[in-house]
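Numbered per UniProt numbering, the first sequence spans residues 1 to 849.
All C-beta atoms in this analysis are idealised placements derived from N, C-alpha and C, irrespective of residue type, glycine included.
A quick note: this is a predicted structure, and the numbers were derived from the prediction, not measured.
Please read the structure below before turning to the comments.
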Amino acid sequence: MEKRFNPLAADGRWQQAWDEAQAFRADDHSPKPKCYVLEMFPYPSGRIHMGHVRNYTMGDVLARYKRMTGHEVLHPMGWDAFGMPAENAAMEKKVHPGDWTRANIAAMKAQLKRLGFALDWSRELATCEPDYYGHEQALFLKMLEAGLVYRKESEVNWDPVDMTVLANEQVIDGRGWRSGALVERRKLAQWFLKITDFAEDLLDGLDALPDWPEKVKLMQANWIGRSRGLRFGFKLDQAAAGHDGIDVYSTRPDTIFGASFVAIAADHPLALALAEQDSALAAFAEECRRTGTAAEEIETAEKKGYDTGLNAVHPFDPEWKLPVFVANFVLMGYGTGAVMGVPAHDQRDLDFARKYMLPVPRVVAAEGEADKPIHDEAYTGPGRLVNSHFLDGMSVDEAKAAVIAKAEDGGWGQGTTVFRLRDWGVSRQRYWGTPIPVIHCADCGIVPVPADQLPVVLPEDVSFDVPGNPLDRHPTWRDVSCPTCGAAAKRETDTLDTFADSSWYFVRFASQPEDKPFDKAIAEQWLPVGQYIGGIEHAILHLLYARFWTRALKHLGMLDFAEPFGGLFTQGMVTHETYSASHYDQPEGSEPAKLYWVAPEDVEYIDGKPVERVSGRPITVGRVEKMSKSKKNTVDPTAIIDQYGADAARWFMLSDSPPERDLEWSEAGIEGAWRFVQRVWRLATDREPAAGEDKDLDRKLHKTIAGIAEDIEALSFNKAVAKLYELANALEKAQPSASRTQAIDAMLLLVAPMIPHLAEEAWSARGHEGLIALADWPKVDPALLVDDEVTIAIQVNGKLRDTLTAPKGADKASLEAMALESEKIIAFLEGKAPKKVIVVPDRLVNLVA
RNA sequence: GCGGGCGUGGCGAAACCGGUAGACGCAGACGACUUAAAAUCGUCUUCCCCUGGAGUGCGGGUUCGAGUCCCGCCGCCCGCACCA
Numbered sequence: 001m002e003k004r005f006n007p008l009a010a011d012g013r014w015q016q017a018w019d020e021a022q023a024f025r026a027d028d029h030s031p032k033p034k035c036y037v038l039e040m041f042p043y044p045s046g047r048i049h050m051g052h053v054r055n056y057t058m059g060d061v062l063a064r065y066k067r068m069t070g071h072e073v074l075h076p077m078g079w080d081a082f083g084m085p086a087e088n089a090a091m092e093k094k095v096h097p098g099d100w101t102r103a104n105i106a107a108m109k110a111q112l113k114r115l116g117f118a119l120d121w122s123r124e125l126a127t128c129e130p131d132y133y134g135h136e137q138a139l140f141l142k143m144l145e146a147g148l149v150y151r152k153e154s155e156v157n158w159d160p161v162d163m164t165v166l167a168n169e170q171v172i173d174g175r176g177w178r179s180g181a182l183v184e185r186r187k188l189a190q191w192f193l194k195i196t197d198f199a200e201d202l203l204d205g206l207d208a209l210p211d212w213p214e215k216v217k218l219m220q221a222n223w224i225g226r227s228r229g230l231r232f233g234f235k236l237d238q239a240a241a242g243h244d245g246i247d248v249y250s251t252r253p254d255t256i257f258g259a260s261f262v263a264i265a266a267d268h269p270l271a272l273a274l275a276e277q278d279s280a281l282a283a284f285a286e287e288c289r290r291t292g293t294a295a296e297e298i299e300t301a302e303k304k305g306y307d308t309g310l311n312a313v314h315p316f317d318p319e320w321k322l323p324v325f326v327a328n329f330v331l332m333g334y335g336t337g338a339v340m341g342v343p344a345h346d347q348r349d350l351d352f353a354r355k356y357m358l359p360v361p362r363v364v365a366a367e368g369e370a371d372k373p374i375h376d377e378a379y380t381g382p383g384r385l386v387n388s389h390f391l392d393g394m395s396v397d398e399a400k401a402a403v404i405a406k407a408e409d410g411g412w413g414q415g416t417t418v419f420r421l422r423d424w425g426v427s428r429q430r431y432w433g434t435p436i437p438v439i440h441c442a443d444c445g446i447v448p449v450p451a452d453q454l455p456v457v458l459p460e461d462v463s464f465d466v467p468g469n470p471l472d473r474h475p476t477w478r479d480v481s482c483p484t485c486g487a488a489a490k491r492e493t494d495t496l497d498t499f500a501d502s503s504w505y506f507v508r509f510a511s512q513p514e515d516k517p518f519d520k521a522i523a524e525q526w527l528p529v530g531q532y533i534g535g536i537e538h539a540i541l542h543l544l545y546a547r548f549w550t551r552a553l554k555h556l557g558m559l560d561f562a563e564p565f566g567g568l569f570t571q572g573m574v575t576h577e578t579y580s581a582s583h584y585d586q587p588e589g590s591e592p593a594k595l596y597w598v599a600p601e602d603v604e605y606i607d608g609k610p611v612e613r614v615s616g617r618p619i620t621v622g623r624v625e626k627m628s629k630s631k632k633n634t635v636d637p638t639a640i641i642d643q644y645g646a647d648a649a650r651w652f653m654l655s656d657s658p659p660e661r662d663l664e665w666s667e668a669g670i671e672g673a674w675r676f677v678q679r680v681w682r683l684a685t686d687r688e689p690a691a692g693e694d695k696d697l698d699r700k701l702h703k704t705i706a707g708i709a710e711d712i713e714a715l716s717f718n719k720a721v722a723k724l725y726e727l728a729n730a731l732e733k734a735q736p737s738a739s740r741t742q743a744i745d746a747m748l749l750l751v752a753p754m755i756p757h758l759a760e761e762a763w764s765a766r767g768h769e770g771l772i773a774l775a776d777w778p779k780v781d782p783a784l785l786v787d788d789e790v791t792i793a794i795q796v797n798g799k800l801r802d803t804l805t806a807p808k809g810a811d812k813a814s815l816e817a818m819a820l821e822s823e824k825i826i827a828f829l830e831g832k833a834p835k836k837v838i839v840v841p842d843r844l845v846n847l848v849a
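Structural data, given as structure tokens:
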């Protein structure tokens, strides 16, 4: 027998054995309980990175464990294969996006295979293939028919570098999420999905997701952003530019008697109308639009306004006139684009009022503070209404209800719920995406592509030598006849946002018939996904869209459930030290000039000091950061597998750091993992004459079995790893016995989900028949989970002074007696009797002196 | 600014309901085996003024007993951001 486990020989052999046995194929018709384990599918960028390895290893351990504990497991893999990078590659390297993407998929699939993941490759899918996106087009048309899709001329976020529209969710600090370019505003006819129809349900549904991280639920709740308030109309004392009133929305209708002005957004219809005759206003509005949306700009931007000269009439007092301003802090995109200004109780309104010398009447006050003037801080705390006529003396909540009731009775306002969430703009002016399956006819308008003409296949003969969408320049694809009237018509050349592709792929994994998107009955056998694992960066976009899409499918009667992912886990990043060197050789201690990043494999240590291998220049070791190409601190998983094998890489991904936290990759860490793999091999192959019982070892084993099961179910892989180290230590110390032989077999079963290749090799070397991947998880004997003896801590005044060994379950009196016999304790008590004795059975005795 | 999370040895971290803080790993020290090295094995490793004392970011509190609960600070990280 080999002295060492040789992964280079063994890994491939077992991967082939699993393939041949179809060990991980999910059976739709199995009578076993179903379990769907899913990791977020990758974008085929070309190579897998350590983040993928970590993500998929976690899912794999769970999937393998579930299989061993009697579940029929669905653990699929596919490719989120549409998107910008393929087009960028096409422009830079003159390759077709499809060729580039498919080559990347092949390369990454080969890499994933080498890690030995227990995946059902028979269900592999790529979103860029017509047999996937064709069904997506069918779903889009069903949503269109059901009124969940609409088209509207709208101002969009235009990314001038990527030459495409971005959803609000894809604009970060006023910049495109991918290109980083400053986003411009443009008017375009766009397709929208009515996610706002489900705003309330998407928010309330979060409460029914106990196995989601609170953090993610909170982020989604904030994003959906529900607020309750009053929408009401101010009349203008005289009509202007065709408007006789202004609708505003307020979450604080209780403060209505504290209003001192009305402010409207620069893009408000009234402001636009007025600006046509007022060049000064037009200039001010233009200035407002220019103000960036970046964080610092908003923070430092002064509240500015333009007095329109108009007056609004207070709804409770026809004599009370409020000046109407156009203000830079009012956003057209939220509420009605107009607000009532209550300076005493809103900080922005207060800043504005101070600048334009408007009154600041207090209408809410804490006990005894009714006369306390407002200075530069608005009062937003609780209290009772003052200076507010019929509201005086009410609490804030009572006053809100009273004002809403009056407004509704008087017919000038309505209590409403407003959401921050906007409809999902899905049109992209790109080639490499799912074609939107509609035809524009001059006579018939928008005509859906008939179902029997789906899929609308992307044409392959396109060129990328000009910026913009090549579909616009493709006459034979674009020009069609209208399916309704037969006249000349044009295809929609926009494609769907790639987030649409990832909004239902988990359903297609569960069921993939040729003639329809999925079979309801089969899909529902697997869904919802039991455990979904991926990065926190998808907390809002992907997860919200997928929740919406699932609700839309339910609305269409295609599914019976609303939440796609029962359990969600967001794993931490893989990080690495960063290394930099200077272009100029300088005396020590001087400022480093012109630094450049150095990759880990180009760093070597000479006399304990890091230097760049090629130049010998000294290296500065920088912060530990997420592995990224820009910082060059990446480690290629394939190189690691070549050197250490898949199991060591997998083991390292699971050790040390809790899975939700960042994991720092290090050479020492992977070396340690390698040593452990070899240790297990030595334990498993070191045959000994086996007889006799070892009760302590039996107990240790059964505690470990129970503990590991618990840890894997909770995804606490680092704790499971620690327990396995303890078991290995115990096995090495133990004398040969039948117990030990059994424990070694059991240990192989316990490590099989984590280091499956070694487990198979050792399992077979020890003469077992069949694949360990398909073996049963060892049974726990509950009798062996309890000890006969326990260690009792003896404290004096809460401080540990001694310990003693007592039989499990010893009564309080005998524990106390034993404690008082301890010589150390006698010394500490200096002969005095304790004032009080606290005994916690099987744990401790605390003597209070 | 708003919301959330986290602070434990040289490092990554354990510690279930308030009950022996530091399991387990990394790094390190010493030793064994070896012609030698690698590999492997063994012992030690929170700190200090070391028969004792201190110690889980800092300061208080509750309790027989606090890493864990409460109050007040400090620091770091993440998300959102003029949302009316």
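Using DSSP's beta-bridge definition, name the partner residues of residue i.
i           : result
residue 341 : 261
residue 533 : 39, 569
residue 445 : 441
residue 150 : 192
residue 838 : 846
residue 799 : 796
residue 186 : 156
If we ignore side chains and look at the alpha-carbon of each, how far apart do residue i and residue j end up?
i           : j           : result
residue 634 : residue 47  : 12 Å
residue 403 : residue 137 : 48 Å
residue 255 : residue 364 : 7 Å
residue 790 : residue 840 : 12 Å
residue 68  : residue 434 : 39 Å
residue 93  : residue 745 : 53 Å
residue 733 : residue 545 : 54 Å
residue 43  : residue 52  : 10 Å
residue 660 : residue 530 : 18 Å
residue 838 : residue 811 : 12 Å
residue 8   : residue 616 : 33 Å
residue 834 : residue 815 : 14 Å
Taking all protein chains shown into account, decide if residue i is buried (16 or more other Cβ within 10 angstroms of its Cβ) or exposed.
i           : result
residue 777 : buried
residue 427 : buried
residue 612 : buried
residue 142 : buried
residue 803 : exposed
residue 854 : Nothing in the structure corresponds to residue 854, since the chain is present only between 1 and 849.
residue 564 : buried
residue 485 : exposed
residue 16  : exposed
Is residue i near the ligand MG, in the sense that its beta carbon is under 7 Å from a heavy atom of that ligand?
i           : result
residue 717 : The ligand content of the structure shown is nil, which means the ligand MG is not present either.
Leaving out the 5 sequence neighbours to the left and right, which residues in its chain are closer than 8 Å to residue i when beta-carbon positions are compared?
i           : result
residue 296 : Interpretation of residue 296 is limited by its pLDDT of 46, a score under 50 that renders its predicted location unreliable; no figure is taken from the coordinates.
residue 348 : 303, 329
Between which residues of its own chain and residue i is the CB-CB distance below 7 Å, once the five residues before and five after are set aside?
i           : result
residue 217 : 206, 209
residue 162 : 84, 176, 178, 179
Beta-carbon within less than 6 Å of residue i's beta-carbon, same chain only, minus the 5 sequence neighbours each way: which residues are those?
i           : result
residue 772 : 752, 759, 760, 763
- Message: Tell me whether the segment 145 to 156 and the segment 452 to 460 touch, counting them as touching only if at least three CB pairs, one residue from each stretch, are closer than 8 Å.
- Response: no
- Spell out a yes or no on whether the segment 64 to 76 and the segment 31 to 40 are touching, meaning 3 or more CB-CB pairs, one atom from each, closer than 8 Å. Flag = yes, the segment 64 to 76 and the segment 31 to 40 touch.
- Query: Looking at C-beta atoms only, is the number of pairs between the segment 520 to 527 and the segment 486 to 499 that lie closer than 8 Å three or more?
  - Reply: no
- Does the segment 253 to 267 come within contact of the segment 391 to 401, defined as at least 3 CB pairs closer than 8 Å? Contact between the segment 253 to 267 and the segment 391 to 401 is present, because at least three Cβ pairs lie under 8 Å.
- Between the segment 770 to 785 and the segment 703 to 710, are three or more C-beta pairs nearer than 8 Å? Output reads yes: the segment 703 to 710 touches the segment 770 to 785.
- Hey, is the segment 259 to 268 in contact with the segment 334 to 347, meaning 3+ C-beta pairs nearer than 8 Å? yes
- Message: For the segment 108 to 128 against the segment 53 to 70, do three or more pairs of beta-carbon atoms, one drawn from each stretch, fall closer than 8 Å, so that the two count as touching?
- Response: They touch, by the three-pair rule.
- Query: Does the segment 646 to 661 come close enough to the segment 545 to 565 to have 3 or more Cβ pairs within less than 8 Å?
  - Reply: By the Cβ test, the segment 646 to 661 is not in contact with the segment 545 to 565, since fewer than three Cβ pairs between them sit closer than 8 Å.
- Do the segment 381 to 395 and the segment 510 to 517 make contact, defined as three or more Cβ pairs closer than 8 Å? As far as the Cβ criterion goes, the segment 381 to 395 does not touch the segment 510 to 517, which means the pair count is below three.
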